[in-house]
Structure formats: C-alpha cells, structure tokens
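Note sheet for the following structure.
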Amino acid sequence: DAGVIQSPRHEVTEMGQEVTLRCKPISGHNSLFWYRQTMMRGLELLIYFNNNVPIDDSGMPEDRFSAKMPNASFSTLKIQPSEPRDSAVYFCASSFNRGQGRNEQFFGPGTRLTVL
Amino acid sequence: LAKTTQPISMDSYEGQEVNITCSHNNIATNDYITWYQQFPSQGPRFIIQGYKTKVTNEVASLFIPADRKSSTLSLPRVSLSDTAVYYCLVGDMNTGFQKLVFGTGTRLLVSP
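Protein chains in written order, with this note's numbering: chain A, 713 to 828; chain B, 25 to 136.
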C-alpha cells in the first residue's frame with residue numbers, strides 16, 4: 713500500500729484565495745483525521761471522520777474551514793477565504809477503527825501551506 | 025483527556041540507551057498510553073502502545089508502573105536516525121474514537 717496520500721505537498725497562495733487540500737486514506741481504513749501543525753500551537757486535531765461521517769469537528773478553527781469525505785477513498789479540507797495565520801503543515805491520517813483497542817493512526821506526508 | 029508532561033528536549037550519543045519519561049497523573053481507567061515519533065518534514069509515526077506493565081516491540085520498550093501515572097519509553101542503542109520528536113499521548117481506547125491530543129513532545133538529538 714502506498715500509505716496515506718496528500719496533495720499538493722506544497723501550496724503558496726495569497727490572502728483571500730480559496731485553498732483545497734486533498735487526502736486519500738489507506739485502503740480499508742474507516743477513520744480519517746485532519747491535523748494542523750504550527751510552531752506556536754503544535755499538532756492539533758481539526759476534524760475526525762468515521763465511515764465517511766464527520767464525528768468530531770470541534771477542532772475546526774472557524775467557519776472558513778470545511779471538510780468533506782464524499783467516499784471512503786477521498787477527503788478534502790477547504791479554507792475559504794485563506795488568511796496568513798492559516799499557514800501551517802496540514803496532515804491527513806487514517807486508521808482502522810475496531811471499536812476498541814489499538815487504533816494506530818497512519819499519517820500522510822503533509823501539505824505545507826503558505827498564505828501570503 | 026488526560027494531560028501529559030514530558031521533557032522538552034534530550035541529548036544522547038550513538039549506541040546509548042535513551043529513556044524518555046512521561047507524566048500523566050490524571051490518567052483514566054480506560055486510557056491507553058501511546059507513543060508517536062516524528063521526523064522533520066514528516067507526519068508522526070506510531071511507535072508503541074500499552075496499558076500496564078511492560079510492552080516491547082522491535083523498536084522500543086514501554087514501561088508502565090502499577091499506578092500508571094507515568095510511563096517510560098526506552099530506545100535501546102540509539103543511532104543518528106533516531107533524532108526526532110517523541111510524543112506521549114493517553115486516550116480512551118474503548119470508545120472506538122482515539123482522539124489524539126499531541127503535547128509539545130520531547131525533541132531527542134542523537135550525536136555521533
């Protein structure tokens with residue numbers, strides 16, 4: 713398996729523009745997570761999907777952020793409009809949720825977003 | 025979610041054993057202890073997980089005392105490639121939703 717795939721790997725945009733980050737989870741995994749990492753705030757969970765349904769979006773910073781998972785093999789994180797403070801590395805992770813016990817999360821390589 | 029406290033940084037030399045201790049005084053009965061490793065410009069990677077006593081895999085060992093208020097990640101004979109940030113996390117593994125709350129982690133620097 714190729715692991716979690718994220719695109720683009722790097723994104724540079726101007727303030728006010730719409731940004732869409734994409735993620736393909738590992739085949740067979742039923743849980744998907746979006747994280748954001750900055751020097752100031754560390755690694756933060758933004759949203760969690762289970763079986764394509766958003767379960768916990770309490771970490772989404774504000775209405776400018778939205779995430780979708782139309783099917784088991786694809787998810788997007790959209791920022792509209794983008795602001796310089798959104799600059800960060802965004803990670804997507806997936807896991808197989810067994811209901812209990814070890815649920816190891818597999819992280820993608822991340823998307824480095826720079827908003828000018 | 026139980027809060028964890030771990031050293032901000034540690035230094036070691038190649039070939040030495042490294043022990044990173046994490047404090048989690050408010051750990052709940054259903055909480056498991058999990059460690060992740062993160063290299064620069066990469067996403068975190070699962071290392072090891074345990075509930076009590078000792079767990080060992082091909083990468084590391086995890087020691088958990090009876091009161092479970094702390095845990096120690098042990099890396100035997102580290103190499104330069106073990107330079108990374110190590111995160112200790114605790115969370116309920118019985119709900120089916122493992123919400124990972126990453127702290128600041130421990131930045132390990134291994135020198136020749």
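Note that CB positions come from ideal geometry on N, CA and C, so glycine has one too.
Would you give the residue range spanned by the beta strand (DSSP E) that Gly-67(B) belongs to? Run containing Gly-67(B): none; DSSP gives neither H nor E here.
Own chain residues within Cβ distance below 6 Å of Glu-730(A), not counting five before or after: Excluding positions up to five away in sequence, the list reads Gln-792.
Spatially closest choice to Ser-799(A) from Gly-754(A), Cys-735(A), Ala-714(A), by CA coordinates: Among Gly-754(A), Cys-735(A), Ala-714(A), the Cα nearest to that of Ser-799(A) belongs to Gly-754(A).
Looking at Glu-82(B) and the ligand GDP, is the gap between the Cβ and the nearest heavy atom below 7 Å? This structure simply doesn't include the ligand GDP, nor any ligand for that matter.
Contact the region 763-779 of chain A vs the region 33-50 of chain B: 3+ CB pairs below 8 Å: Taking 8 Å as the limit for Cβ pairs, the verdict is that the region 33-50 of chain B does not touch the region 763-779 of chain A.
Pop quiz: Ile-71(B) and Gln-61(B) are said to be a contact at Cβ under 8 Å. What is the actual Cβ separation, rounded to whole angstroms? About 5 Å separates the two Cβ atoms, so the contact holds.
Using the beta-carbon of each residue, which ones in chain B are nearer than 8 Å to Glu-816(A)? Under the 8 Å cutoff, chain B gives Phe-70, Gln-73.
Are Gly-67(B) and Ala-805(A) closer than 8 Å when you measure CB to CB? Judged by beta-carbon spacing, Ala-805(A) lies within the 8 Å limit of Gly-67(B), meaning their Cβ atoms are closer than that value.
Against Gln-66(B), what residues of chain A qualify as contacts under a CB-to-CB distance less than 7 Å, listed in chain order? Near Gln-66(B) (Cβ distances below 7 Å), the residues of chain A are Pro-821.
Would you please state the rounded distance, in angstroms, between the beta carbons of Arg-721(A) and Thr-788(A)? I believe it to be under 8 Å. About 16 Å separates the two Cβ atoms, so there is no contact after all.
Express the C-alpha separation of Gly-820(A) and Lys-78(B) in angstroms, rounding to a whole number. Here the alpha carbons of Gly-820(A) and Lys-78(B) stand approximately 29 Å from one another.
Going by other Cβ atoms of all chains shown within 10 Å of its Cβ, with 16 needed for buried, is Glu-795(A) buried or exposed? The residue in question, Glu-795(A), is exposed, as its Cβ has fewer than 16 Cβ neighbours within 10 Å.
Spell out the partners DSSP gives Tyr-111(B) in its beta bridges. Tyr-111(B) is bridged to Tyr-60(B).
Could you name the residues of the same chain whose beta carbon sits closer than 6 Å to that of Gln-817(A), not counting the 5 residues immediately before and after it, in chain order? Within the same chain, Ala-805, Ser-807 come within 6 Å of Gln-817(A) by CB-CB distance, once the 5 residues on both sides are set aside.
Output the boundary residues of the beta strand (DSSP E) element that contains Glu-723(A). Per DSSP, Glu-723(A) belongs to the beta strand (DSSP E) from 722-725.
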